[in-house]
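Residue numbers (mature numbering (1 follows the signal peptide of the UniProt record, and there is no 0)): -19 to -1, 1 to 41.
Only one structure is covered here, and it is reproduced in the block below.
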């Protein structure tokens, strides 16, 4: 589930787990806040994070 860089707390340039930290943090906070209802409640934040990842060249 989590990448090696997340587990070790190390960010490697170009690694997915370290890209777009602002949108990732907002998305993760939303999932923690809404739990089972996160799919609908966090939809916009997920889309923002996906857009950020795509802008960096990640294919998601």
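From the three backbone atoms N, C-alpha and C, an ideal C-beta is built for every residue, glycine too.
Owing to the predicted nature of the structure, the values given are computational and were not obtained by experimental measurement.
Residue burial annotation: residue 26 is buried, with at least 16 other C-beta atoms found within 10 angstroms of its C-beta. Under the three-state reduction of DSSP, residue 32 is assigned to helix. The alpha-carbon separation between residue 10 and residue 20 amounts to approximately 13 angstroms.
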